[in-house]
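Chemist: Per our numbering, the sequence shown starts with residue 4, numbered consecutively.
We put the CB at the ideal spot given by N, CA and C, even for glycine.
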Amino acid sequence: MPTIHANAHAKTGMIARLNHPDYDRWANQIKRTGGCRQPIHLRGKVDHYDPATGHLLHRYTTRTEPDGILRVPCKTRRASRCPACAETYRADTYHLIRAGLVGGKGVPETVTTHPTLFVTLTAPSFGAVHTRREHNRKAQPCHARRNATTCPHGRVMSCNARHGKDDPRLGEPLCPDCYDYTGSVPEPDLAELRLADWAHMLGFRGHFSTRSRHYSTTLGDIRADREHHARLNDITTGRLPLFDEDTVLVISEWEYAGKGHSLGDQLLAAAITGTQLGGVHDL
């Protein structure tokens, strides 16, 4: 996780932001991102027209926003990239699973009578490797075998070592000649899956969970409910006009304009949202 030092450059940027006339609006944007570490910058406008007359009823444009952009959450699911957005995804998934077990979010409580199975799926093995196990916080022997067999290459398939967390042998085969290296590597005809790009995540590139079509609600419905709530709040506070979306023509134009914070903005964002964007020092 990167460290943010309040050096002279960061402090100068922070002071400039604090003294800018549109600071309050900037701070409001930061709060609405929920403490996102790398908010997406959007530039554009939204027009509301009367479809019968073509009269412009209302226009929102980022030209009046701080820096001429609108900051929105990055919505990543990886805590290493943005803890705040990952927490939103975690909470949404919790409610999705919970609704499927006890009801809620549009799911009837009768689901509590349905059978529930917790299934553990184990990936295929390509050969025994050195591993680390703990019991009551004490390291256990790697592969202790009383009557360990000897592989065709003359190696005893056991290991009584209690490996440390940084032991370079962890993950290495007990017998390199027996280990199925070829079988563990996907076959260049799977190139379109871009597995190499996700090797740092063990090939994982999607949701950690899945569900049947009729189980519970959906993440999309949960996000839609949140957006609806935010829109009602904007209407209540006067930020958006009260229009029946079915009776107006809405035309939107958006373009990507970057992401993230400057060093000074990172310090202020951490103070405003109560998050630690990588660790703030010497402030």
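CB Gly-186 to CB His-12, shorter than 9 Å?
Modeler: no
Chemist: Can you name, in chain order, every residue of its own chain whose Cβ lies under 6 Å from the Cβ of Pro-69, other than the five neighbours on each side?
Modeler: Excluding positions up to five away in sequence, the list reads Asp-25, Arg-28 and Trp-29.
Chemist: Are the stretch 126 to 144 and the stretch 99 to 117 touching by the rule of at least three beta carbon pairs closer than 8 Å?
Modeler: no
Chemist: Name, in chain order, the residues that DSSP records as bridge partners for Cys-162.
Modeler: His-146
Chemist: Should Ala-94 go down as buried or exposed, given a rule of 16 or more other Cβ atoms within 10 Å for buried?
Modeler: exposed
Chemist: Please name the residue or residues paired with Asp-50 in a DSSP beta bridge.
Modeler: Per DSSP, the beta bridge partners of Asp-50 are Arg-62 and Ile-254.
Chemist: Note the first and the last residue of the continuous beta strand (DSSP E) segment covering Leu-73.
Modeler: Its beta strand (DSSP E) spans residues 73 to 75.
Chemist: Return the chain-ordered list of same chain residues with a C-beta closer than 8 Å to the C-beta of Glu-112, the five sequence neighbours on each side being excluded.
Modeler: Val-105 and Gly-106
Chemist: Is it buried or exposed for Gly-277, if we count other Cβ within 10 angstroms and need 16 for buried?
Modeler: exposed
Chemist: With distances taken Cα to Cα, identify the nearest neighbour of His-58 among Gln-32, Thr-250, Gly-263 and Ile-275.
Modeler: Thr-250
Chemist: Considering only the alpha carbon of each residue, which of Ile-238, Leu-120 and Asp-180 lies closest to Arg-214?
Modeler: Closest by alpha carbon: Leu-120.
Chemist: Quick check on the DSSP output: the beta strand (DSSP E) that includes Glu-137 runs from which residue to which?
Modeler: 136 to 138
Chemist: Does the beta-carbon of Leu-21 have 16 or more other beta-carbons within 10 angstroms, so that it is buried, or is it exposed?
Modeler: Flag for Leu-21 reads exposed.
Chemist: Run through DSSP, which three-state label would Phe-121 get?
Modeler: Looking at Phe-121 - three-state DSSP - the assignment turns out to be coil, as it is neither helix nor strand.
Chemist: For Lys-34, collect the residues of the same chain with a Cβ closer than 7 Å to its Cβ; drop the 5 residues on either side in sequence, then sort them by chain order.
Modeler: Ile-275 and Thr-276
Chemist: Any idea what DSSP makes of Asp-268, helix, strand or coil?
Modeler: helix
Chemist: Report the rounded CA-to-CA distance for Pro-256 versus Tyr-184, giving the unit in angstroms.
Modeler: One detail in the question is off: residue 256 reads as Glu in this sequence, not Pro. Cα-Cα distance, rounded: 51 Å.
Chemist: Span of the alpha helix (DSSP H) holding Tyr-97?
Modeler: 86 to 105
Chemist: Within 10 angstroms of the Cβ of Gly-38, are there 16 or more other Cβ atoms? Answer buried if so, exposed if not.
Modeler: So Gly-38 counts as buried.
Chemist: Quick one, which of Ile-43, Glu-175 and Ile-72 has its alpha-carbon nearest Cys-88's?
Modeler: Ile-43
Chemist: From the DSSP output, read off the bridge partner residues of Val-110.
Modeler: Gly-107
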